[in-house]
Amino acid sequence: MKKHLSIAIAACQSFGGVVCAGAVMLIASSTQAQNLFVAAWGNDLITEITPSGAQSTFASGFFEPEGLAFNSAGDLFVSAGAASGSIIQITPGGVQSTFASGLANPSGLAFNSTGDLFEADDASGNIYEFTPGGVQSTFASGLAHPFDLAFNSAGDLFVSDWESGSIVQITPSGAQSTIASGLVTPYGLAFDSAGNLFVVNFGSRSIIEITPSGAQSTFASGFTYPQYLAFNSAGDLFVSDWNNIYEITPSGAQSTFASAFGPPTGLAFQGETLPVPEPSAVGLLGIGVTTALLVRRHRIRD
17 MKKHLSIAIA ACQSFGGVVC AGAVMLIASS TQAQNLFVAA WGNDLITEIT PSGAQSTFAS
77 GFFEPEGLAF NSAGDLFVSA GAASGSIIQI TPGGVQSTFA SGLANPSGLA FNSTGDLFEA
137 DDASGNIYEF TPGGVQSTFA SGLAHPFDLA FNSAGDLFVS DWESGSIVQI TPSGAQSTIA
197 SGLVTPYGLA FDSAGNLFVV NFGSRSIIEI TPSGAQSTFA SGFTYPQYLA FNSAGDLFVS
257 DWNNIYEITP SGAQSTFASA FGPPTGLAFQ GETLPVPEPS AVGLLGIGVT TALLVRRHRI
317 RD
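Here the sequence shown is numbered in the numbering used here, starting from 17 and rising by one per residue.
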């Protein structure tokens with residue numbers, strides 16, 4: 017990383033320009049280490065885990081916390097479960113406040129590109145939308161038991177409905193369609209950078225991959241009690257399972273990332289964004305430098 021940054025900085029000093037500066041920012045952001053945050057039913061804590069596996073308690077005082085999601089400001093939102101019926105907001109410094117209350121059974125959470133929070137309310141069968149200021153509205157209804165949520169890069173919301181065994185796609189205007197059915201208790205959802213949707217199929221103790229065209233395949237299997245999913249910036253998939261968190265590389269190699277949670281539920285990476293395929297930072301740097309060179313040559317000729 018230091019080598020790439022030094023090259024980029026040198027290029028900016030030589031040629032200047034917004035494009036080159038942007039390349040430096042992209043390299044810095046794309047290589048920034050991401051900590052994993054885990055909600056655990058067993059100890060009612062939110063645990064923070066560094067990429068090296070070091071664990072620390074980020075927040076406590078919950079009762080059966082489930083879904084997790086970060087907003088663009090770095091605040092962590094926690095669905096606090098049926099007992100409290102609330103969503104808790106936690107600042108990066110650990111200060112907690114109640115963001116929403118009076119919910120039936122909040123589970124999965126997800127932010128859209130404009131900063132609105134969406135919540136899957138398992139007991140009511142509704143999807144609720146909250147503005148950054150906390151104003152609540154019903155975005156979708158008529159679902160059996162929605163569990164988790166994930167947005168694709170086009171802004172469509174995907175919902176796992178565990179009772180009906182289906183994955184429902186909802187456009188920003190609210191139009192619903194079923195993109196997958198016949199699953200057995202689908203739980204956690206997550207998109208990779210290529211737009212493939214990964215689904216916990218609890219009934220088969222496996223992870224199903226669904227391409228944008230709708231083709232399904234088994235990506236990983238052999239789990240005990242899989243629930244939620246999350247991708248890191250390197251494209252590795254993390255799975256909360258009974259007492260363990262597993263890490264799976266894009267090629268399918270699986271390893272135990274953390275254990276002794278009993279059981280972990282919601283997962284979220286610090287600084288996570290909507291799944292938008294991106295070229296490599298080094299490639300962008302090359303484009304930036306080339307653009308700067310062309311601009312400079314043009315000015316010399318003029």
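In this text, a Cβ means the ideal position worked out from N, Cα and C, and glycines have one as well.
Residue i, DSSP secondary structure in three states
i	result
I43	Here the model assigns I43 a pLDDT of 36, short of 50, so the residue's position is not dependable and the matter cannot be decided.
F218	helix
G204	strand
L319	With the chain represented from 17 up to 318, any question about residue 319 goes unanswered, as that position is not in the structure.
N59	coil
E64	strand
S157	coil
A98	coil
A89	coil
T240	coil
F247	strand
F74	strand
Member of the options whose CA lies at the smallest distance from the CA of residue i
i	options	result
S275	T130, S193 and S256	S256
G251	F218, G211 and E145	G211
I62	P81, Y262 and S157	P81
N128	I224, G190 and N87	N87
G97	E64, T73 and D60	D60
T227	T234, L213, F235 and V184	L213
L245	Q112, V175 and I223	I223
E225	S249, G190 and I195	I195
L165	P148, G149, S180 and I143	I143
F235	G77, F254 and A55	F254
Strand pairing of residue i, partner residues [DSSP]
i	result
Y262	V255 and T272
D137	P122 and N142
E225	F214 and S233
D177	P162 and S182
Q152	F146
V54	T63 and L283
F167	L173
S113	Q105
heavy atom of the ligand ZN below 7 Å from residue i C-beta
i	result
Q71	The ligand ZN is not part of this structure, which contains no ligands at all.
8 Å Cβ cutoff, residue i in contact with chain C
i	result
F74	Among the chains in the structure shown there is no chain C, since it carries only a single protein chain.
Determine contact between the region 94 to 114 and the region 252 to 269, defined as no fewer than three beta-carbon pairs at a distance below 8 Å. Inter-segment contact for the region 94 to 114 and the region 252 to 269 is absent: fewer than three beta-carbon pairs are separated by less than 8 Å.
Count the C-beta pairs between the region 275 to 287 and the region 240 to 255 that are closer than 8 Å, then say yes if the count reaches three, no if not. yes
Check whether the region 135 to 153 and the region 110 to 120 are in contact - that is, three or more C-beta pairs closer than 8 Å. yes
Quick check: the region 216 to 234 against the region 189 to 206, are at least 3 beta-carbon pairs closer than 8 Å? Taking a contact to require three or more Cβ pairs closer than 8 Å, the region 189 to 206 and the region 216 to 234 qualify as touching.
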